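> I'd like to ask you about the structure that follows.
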Amino acid sequence: MALTGLIMVVFLLAHMYGNLKVFLGADAFDHYAHWLKGEILYPLVPEGWFIWIFRFVMLAAIAGHVYAAAVLSARNVSSRSSKYAHGHNHQQTYAARTMQWGGVILLIGLIFHLLQFTAQLVTTGFASGSEPYHMVIATFSQWWLVLAYAVWVFVVCLHVRHGVWSALTTLGANTSPSARAFLNGLAWVIAVVLFVGFMIMPVAVLFGWVQ
Amino acid sequence: MIINLRVWRQASASAEGKMVSYRVEGVSEDMSFLEMLDLLNEDLTLKGEEPIAFDHDCREGICGMCGVVINGSAHGRASSPVPTTTCQLHMRSFADGATIDVEPWRAGAFPVIKDLVVDRTAFDRIIQAGGFISVNAGAAPEAHSVPAPKIEADRAFDAATCIGCGACVAACPNGSSMLFTSAKITHLAMLPQGQPERYSRVKAMVATQDELGFGGCTNIGECAAVCPKQIPLDTISQLNRDLIKALFRKDGK
Numbered sequence: 011m012a013l014t015g016l017i018m019v020v021f022l023l024a025h026m027y028g029n030l031k032v033f034l035g036a037d038a039f040d041h042y043a044h045w046l047k048g049e050i051l052y053p054l055v056p057e058g059w060f061i062w063i064f065r066f067v068m069l070a071a072i073a074g075h076v077y078a079a080a081v082l083s084a085r086n087v088s089s090r091s092s093k094y095a096h097g098h099n100h101q102q103t104y105a106a107r108t109m110q111w112g113g114v115i116l117l118i119g120l121i122f123h124l125l126q127f128t129a130q131l132v133t134t135g136f137a138s139g140s141e142p143y144h145m146v147i148a149t150f151s152q153w154w155l156v157l158a159y160a161v162w163v164f165v166v167c168l169h170v171r172h173g174v175w176s177a178l179t180t181l182g183a184n185t186s187p188s189a190r191a192f193l194n195g196l197a198w199v200i201a202v203v204l205f206v207g208f209m210i211m212p213v214a215v216l217f218g219w220v221q
Numbered sequence: 003m004i005i006n007l008r009v010w011r012q013a014s015a016s017a018e019g020k021m022v023s024y025r026v027e028g029v030s031e032d033m034s035f036l037e038m039l040d041l042l043n044e045d046l047t048l049k050g051e052e053p054i055a056f057d058h059d060c061r062e063g064i065c066g067m068c069g070v071v072i073n074g075s076a077h078g079r080a081s082s083p084v085p086t087t088t089c090q091l092h093m094r095s096f097a098d099g100a101t102i103d104v105e106p107w108r109a110g111a112f113p114v115i116k117d118l119v120v121d122r123t124a125f126d127r128i129i130q131a132g133g134f135i136s137v138n139a140g141a142a143p144e145a146h147s148v149p150a151p152k153i154e155a156d157r158a159f160d161a162a163t164c165i166g167c168g169a170c171v172a173a174c175p176n177g178s179s180m181l182f183t184s185a186k187i188t189h190l191a192m193l194p195q196g197q198p199e200r201y202s203r204v205k206a207m208v209a210t211q212d213e214l215g216f217g218g219c220t221n222i223g224e225c226a227a228v229c230p231k232q233i234p235l236d237t238i239s240q241l242n243r244d245l246i247k248a249l250f251r252k253d254g255k
């Protein structure tokens with residue numbers, strides 16, 4: 011759970027950084043997108059292999075994460091089958107409480123995201139086979155898609171907020187009360203950076219700052 | 003003071019339970035929560051009703067026997083930010099005329115025996131799996147013959163204050179016993195005497211708590227927030243570090 015989660019957090023940070031390329035113009039963005047699917051790591055691996063190795067690793071991480079979550083949830087539900095008549099939380103955060111259902115919502119959003127931008131089976135204002143830059147502009151020029159995207163990214167960041175802290179603690183990094191404060195702070199920083207980083211582009215497109 | 007109670011009544015392990023309301027009059031603010039329950043039980047006994055069963059022993063906050071969930075908080079703490087045991091909670095912490103909900107620990111591994119009493123044998127099973135050191139008993143050795151570094155010794159003693167009351171499990175939304183187990187692991191892992199069995203211990207104790215039906219830890223932190231001995235959450239990371247190390251060691255197999 012912790013390892014697969016952290017792999018995906020590192021991916022999110024790289025993905026967010028890549029998205030910001032949109033501000034360098036259509037040529038730079040499309041070139042970057044094609045480079046990811048072609049020349050990257052060439053000649054270490056044959057051209058076009060990296061993306062498939064990468065997709066395999068991500069798929070394995072997602073599968074491992076979902077499997078671990080299912081096993082963990084099943085155990086936790088059965089070990090707390092009877093509920094308190096009077097509930098009260100001292101410590102529990104909203105992010106911690108919503109890890110399971112937040113994770114499910116996140117996964118549904120991810121499937122849509124891949125159908126939309128990778129497989130291009132669900133198109134939102136662009137023709138299938140469009141260049142990446144055009145897809146981004148066509149999609150995020152529509153306010154409701156920006157809103158839906160913002161909600162989804164928020165759910166992702168909420169998951170990351172508890173996930174980063176929890177993963178590092180599971181791996182043994184919580185060595186003292188000050189380490190606990192640091193890890194929680196780190197989780198907050200990563201979540202906020204991801205939210206802001208992912209939302210800059212759609213908002214810029216919506217307001218016509220990028221065309 | 004007058005206190006309105008809603009108490010979980012359950013005749014036996016197999017019986018259905020429910021919340022029952024009681025009105026307790028003549029409560030002194032200097033009474034502990036358990037003494038207030040004693041007062042109610044005297045009244046119930048005189049009326050010929052079954053008194054409320056609850057666990058208790060030393061009533062000094064050091065034995066780990068007592069513990070009920072009061073208004074949703076394990077052990078209850080009323081308005082105080084400091085966690086304590088139920089026996090050390092006093093009625094002055096509550097308002098006159100207050101309505102208080104009293105429930106047993108609720109966790110799959112802690113079945114209710116009667117009313118507010120739960121079976122915590124599962125904790126004994128975890129200890130039996132490795133919460134000890136295997137040395138031949140004999141005369142105590144000279145104290146300076148085994149040096150223990152101050153920082154580690156302090157951590158060991160802090161972790162050893164765990165009284166095994168089970169509040170961590172009761173408070174955990176997953177019903178996990180990680181804080182309890184990690185307190186025992188940290189206690190023994192920080193001392194020279196605990197080293198020979200350090201890695202086999204952590205694997206055995208974690209495997210046992212999983213077998214017993216405790217939930218998994220998701221680092222929410224409710225456990226440490228209610229622990230009357232304030233066992234810190236970082237003991238859980240200590241357990242995890244030892245468990246990861248055990249994967250790469252022969253004695254951890």
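Protein chains in written order, with this note's numbering: chain D, 11 to 221; chain C, 3 to 255.
Glycine residues also receive a C-beta, built at the ideal position from the N, C-alpha and C atoms.
None of the values given here were measured: they were computed from a predicted structure.
Using a beta-carbon distance cut-off of less than 8 angstroms, what residues from the stretch 230-253 of chain C approach chain D?
Of all residues in the stretch 230-253 of chain C, only 234, 235, 236, 238, 239, 240, 242, 243, 246 place a beta-carbon less than 8 angstroms from a beta-carbon of chain D.
> State the DSSP-derived secondary structure class of residue 77 of chain D, mapped to helix, strand or coil.
In the first sequence, counting from the first residue as 1, residue 77 of chain D sits at position 67. Of the three classes helix, strand and coil, the one that applies to residue 77 of chain D here is helix, per DSSP.
> Quick one: Cα of residue 195 of chain C to Cα of residue 72 of chain C, how far?
Stepping through the second sequence from its first residue, residue 195 of chain C is reached at position 193. Stepping through the second sequence from its first residue, residue 72 of chain C is reached at position 70. Put simply, the backbone Cα of residue 195 of chain C is about 39 angstroms away from that of residue 72 of chain C.
> Take residue 181 of chain D and list the residues in its own chain whose beta-carbon comes closer than 7 angstroms to its own, dropping the five residues that flank it on each side.
Within the first sequence, numbered from 1, the residue matching residue 181 of chain D stands at position 171. The residues are 12.
> Can you tell me the Cα-Cα spacing of residue 95 of chain D and residue 74 of chain C, whole angstroms?
Numbered from its first residue, the first sequence carries residue 95 of chain D at position 85. Numbered from its first residue, the second sequence carries residue 74 of chain C at position 72. Looking at the two C-alpha atoms, the distance is approximately 8 angstroms.
> CB residue 228 of chain C to CB residue 173 of chain C, shorter than 8 angstroms?
The residue given as residue 228 of chain C occupies position 226 in the second sequence. The residue given as residue 173 of chain C occupies position 171 in the second sequence. Result yes, Cβ atoms of residue 228 of chain C and residue 173 of chain C sit closer than 8 angstroms.
> Flag residue 21 of chain C as yes if its beta-carbon sits less than 8 angstroms from any beta-carbon of chain D, otherwise no.
Within the second sequence, the letter at position 19 stands for residue 21 of chain C. Residue 21 of chain C has a beta carbon lying within less than 8 angstroms of a beta carbon in chain D.
> Helix, strand or coil: how does DSSP classify residue 40 of chain C here?
Translated into positions along the second sequence, residue 40 of chain C becomes position 38. DSSP places residue 40 of chain C in helix when its eight states are reduced to three.
> Looking only at its chain, what residues have a beta carbon closer than 6 angstroms to the beta carbon of residue 132 of chain C, apart from the 5 residues adjacent to it on each side?
Taking the second sequence and counting its residues from 1, one reaches residue 132 of chain C at position 130. Cβ neighbours of residue 132 of chain C beyond the five flanking positions: 203, 206, 207.
> Are the beta-carbon atoms of residue 160 of chain D and residue 209 of chain D separated by less than 8 angstroms?
Against the first sequence, residue 160 of chain D aligns to sequence position 150. Against the first sequence, residue 209 of chain D aligns to sequence position 199. Yes; because the gap between Cβ atoms is below 8 angstroms, this pair is in contact.
> If the criterion is Cβ atoms closer than 8 angstroms, does the pair residue 231 of chain C and residue 165 of chain C meet it?
The residue labelled residue 231 of chain C in the question sits at position 229 within the second sequence. The residue labelled residue 165 of chain C in the question sits at position 163 within the second sequence. Yes. Within cutoff.
> Taking the alpha carbon of residue 242 of chain C as the reference point, which residue from C:214, C:186, C:193, C:110 has its own alpha carbon closest?
Taking the first residue of the second sequence as position 1, residue 242 of chain C is located at position 240. Out of C:214, C:186, C:193, C:110, C:186 has the C-alpha closest to the C-alpha of residue 242 of chain C.
> Report the three-state DSSP secondary structure of residue 1 of chain C (helix, strand or coil).
This structure cannot speak to residue 1 of chain C, because chain C is shown only from 3 to 255.
> Based on Cα-Cα distance, which residue from C:49, C:9, C:224, C:212 lies nearest to residue 82 of chain D?
Start at 1 with the first residue of the first sequence, and residue 82 of chain D comes out as number 72. Checking every option, the nearest Cα to that of residue 82 of chain D belongs to C:212.
> Counting only Cβ pairs nearer than 9 angstroms, list the residues of chain E close to residue 154 of chain C.
The question asks about chain E, but that chain is absent: this structure's protein chains are D and C.
> List the residues of chain D that residue 203 of chain C touches, going by C-beta distances under 9 angstroms, in chain order.
Indexing the second sequence from 1 puts residue 203 of chain C at position 201. Residues of chain D passing the Cβ test: none, with the nearest at roughly 16 angstroms.
> Strictly below 9 angstroms CB to CB, what residues from chain C border residue 181 of chain D?
Indexing the first sequence from 1 puts residue 181 of chain D at position 171. Neighbours of residue 181 of chain D on chain C, chain order: 239, 242, 243, 246.
> Ignoring anything shorter than 4 residues, give me the alpha helix (DSSP H) runs that lie fully in the stretch 174-255 of chain C, in order along the chain.
180-191, 200-213, 224-228, 236-248
> Less than 8 angstroms between the CB atoms is what I'm expecting for residue 105 of chain D and residue 44 of chain D, so what's the real figure, rounded?
Locating residue 105 of chain D in the first sequence gives position 95, where the first residue counts as 1. Locating residue 44 of chain D in the first sequence gives position 34, where the first residue counts as 1. 36 angstroms between Cβ atoms; not a contact.
> So, helix, strand or coil for residue 94 of chain D, using DSSP?
By 1-based counting over the first sequence, the position of residue 94 of chain D is 84. In the structure shown, the three-state DSSP call for residue 94 of chain D is coil.
> Taking C-alpha atoms, which residue in D:191, D:214, D:169, D:76 lies nearest to residue 202 of chain D?
Translated into the one-based positions of the first sequence, residue 202 of chain D becomes position 192. Checked all of D:191, D:214, D:169, D:76; the closest Cα to residue 202 of chain D is D:169.
> Shorter than 8 angstroms from the beta carbon of residue 128 of chain C to some beta carbon of chain D?
Translated into the one-based positions of the second sequence, residue 128 of chain C becomes position 126. Taking Cβ atoms only, chain D never reaches closer than 8 angstroms to residue 128 of chain C, which makes this a no.
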